[in-house]
Structure formats: structure tokens, C-alpha cells
Amino acid sequence: MQLYPAIDMKDGQCVRLRQGEFKDITVYSDAPWKVAAWWQAQGATFLHLVDLDGALAGHSVNEEAIRKIVDHVSIPIEIGGGIRSEEAVRGMLDLGVKRVIIGTKAVEHPEFLEEMVGKFGEDAIVAGVDARNGMVAVEGWEKVSSMTASELCLKMKGYGVKHIVYTDISRDGMLSGPNVKATKRLTDDTGLDIIASGGVSCMQDLKELHEAGIRGAIIGKALYENRIDLKEAVMLYEN
């Protein structure tokens, strides 16, 4: 299982939200690149970045912070938040980011993912599937669509997408445990690399995800509040 320490960025700072609410925010660092270097030093083999401002604006906002992170680590990086055009995808890949996560556009214009996979390859494009009560949410989680997470994942598979970041919004930033059942169901139904996001709070959560056959897990608040030791987690659950 691949572990992904998360760095969420707003106004150039490293922050965490609760349930995606922009009014409920905690600032952890004003130097995200230092945070990235620290997670790499602790054994991280992949980083997960989110441009929160970009998710709302519809275009990359924290590009300078992203550039500094790329310059200060040697491990691969994936990033999401406001990436809704070929130009934006190319821009992130040109910065040195390995994978680009496309969320809102995947729901509104799913054929765009097929086009991007065709141009940049299946390993460069990730579909971001964010769900509230099983229904897909878009535009920085501000709106809920009429499509289920399962429907969207299967559609993405048909378009050649291999990696999907699945976020259960109700659990994000809450330290309430990931939705193992829903994530396992998506993994089993699609056979895709479903990466669990939202709610990971302790080593037991990682153990349950690992035992369920989940391919990846994003860890945010639990790392920042010292509930999970990244070195130990990498040793136990990455394979």
C-alpha cells in the first residue's frame, strides 16, 4: 500500500480543513516546502499536494509554493486543486510533478480525462472522486452532483484512468477513521488503484485499509498531530 503524506496549501501556507469547510481551518506551517522535506526525511516515498485556493478558483493559485516543494524533494509528487484544462495539466507536469489529479472536470466533462490520459499517459493522470454520502461533490466540495462515486469510477476506468483518489468528505480532517467499506467496494468493483483519502487517524486505520487490499492511503491531520509515526507506517504498510 502506497502512503501519501498530505500537504494542503492555502495562501502559500500548509493548512488542514475540517470536512472541506474553508471557514474551519488550521495553519501548520508558512513554509510548505519545509514540511515536504520533513516528510521525505521521515521516509515518505510519495507526496500528495492540494491547492485549496485553486480548487475554488478553478486554476492553480499556489504555483510558487508547489515549485519550491518540487525543488526541495526528490520523491514523486501528485497534486490536485483547480486543474481543469490541458494547459494546467501540462504546466504542473512541466514543473516536475509526477501526477495531476483532476476532480471537478472529471464529473462535468469526463471525456476530458480520456483525452489527458491519451496525451500524457495513464500514470500522469489521476481522477479525484470526492463524495458526500456516496454522491460526488465538485468545485471545492461546495456542490454535490447527481452521480454516485461508483458510477464515476467505472466511467473513469472506461476512459483509461488507472489511479483514483477517493475522498469521503464527511470524514476529512475529522480523525474519525476512513470509510474502509466504501473504499474496498470501489477497489473490488473497478480493479483500479483506489487511494483512500479522509479520516485516517491512527495506525489501526492504516492496518484496516492494508488488510482490505486498498492500494493507497493519504494521511493528513493524523501526521500533523503526531497520531501516526510516518517512519513506522512506511515500514509496516508500504510494499
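Numbering (the numbering used here), first residue to last: 193 to 431.
Note that CB positions come from ideal geometry on N, CA and C, so glycine has one too.
Counted within 10 angstroms of its Cβ, other Cβ atoms place residue i as buried (16 or more) or exposed
| i | result |
| --- | --- |
| residue 313 | exposed |
| residue 232 | buried |
| residue 389 | buried |
| residue 141 | Outside the modelled stretch of the chain, which goes from 193 to 431, sits residue 141, for which no answer is possible. |
| residue 408 | buried |
| residue 242 | buried |
| residue 425 | buried |
| residue 400 | buried |
| residue 249 | exposed |
| residue 397 | buried |
| residue 405 | exposed |
| residue 270 | buried |
| residue 315 | exposed |
Own chain partners of residue i with C-beta closer than 6 Å, once the 5 adjacent residues on each side are dropped
| i | result |
| --- | --- |
| residue 246 | 252, 253, 273 and 274 |
| residue 217 | 207 and 209 |
| residue 227 | 199, 206 and 221 |
| residue 202 | 244 and 245 |
| residue 298 | 305 and 319 |
| residue 336 | 324, 327 and 329 |
| residue 268 | 238 and 290 |
| residue 240 | 196, 198, 270 and 410 |
| residue 368 | 391 |
Paired residues, beta bridge with residue i - DSSP
| i | result |
| --- | --- |
| residue 360 | 323 |
| residue 240 | 198 and 270 |
| residue 408 | 194 and 387 |
| residue 355 | 318 and 385 |
| residue 208 | 218 |
| residue 379 | In the DSSP output, where bridge partners are listed per residue, residue 379 has none listed. |
| residue 294 | 319 |
| residue 336 | 329 |
Proximal residues to residue i (C-beta, below 8 Å), its chain only, five neighbours per side dropped
| i | result |
| --- | --- |
| residue 349 | 382, 383 and 384 |
| residue 434 | Since the first residue of the chain shown is 193 and the last is 431, residue 434 is not available in this structure. |
| residue 346 | 381 and 382 |
| residue 261 | 199, 224, 225, 228, 239, 241 and 269 |
Selected residue, minimal CA-CA separation from residue i, among the options
| i | options | result |
| --- | --- | --- |
| residue 422 | 219, 342 and 238 | 238 |
| residue 394 | 403, 405, 371 and 414 | 414 |
| residue 193 | 376, 418 and 344 | 376 |
| residue 197 | 429, 428, 411 and 420 | 411 |
| residue 317 | 416, 303 and 330 | 303 |
| residue 256 | 278, 215, 283 and 219 | 283 |
| residue 219 | 236, 204 and 371 | 204 |
| residue 403 | 230, 265 and 430 | 430 |
| residue 344 | 270, 424 and 301 | 301 |
| residue 418 | 269, 296, 406 and 392 | 392 |
| residue 277 | 307, 261, 264 and 369 | 307 |
| residue 311 | 229, 295 and 281 | 281 |
| residue 296 | 230, 267, 416 and 339 | 339 |
| residue 428 | 291, 265 and 236 | 236 |
| residue 266 | 416, 386 and 229 | 229 |
| residue 293 | 368, 416 and 386 | 386 |
Beta-carbon proximity list for residue i, same chain, < 7 Å, skipping 5 on both sides
| i | result |
| --- | --- |
| residue 309 | 317, 351, 352 and 353 |
| residue 259 | 287 |
| residue 264 | 225, 228 and 229 |
| residue 234 | 422 and 423 |
| residue 372 | 400, 401 and 404 |
**OP:** Count the CB pairs spanning the stretch 282-294 and the stretch 321-330 that are closer than 8 Å, and state whether there are at least three.
**Re:** no
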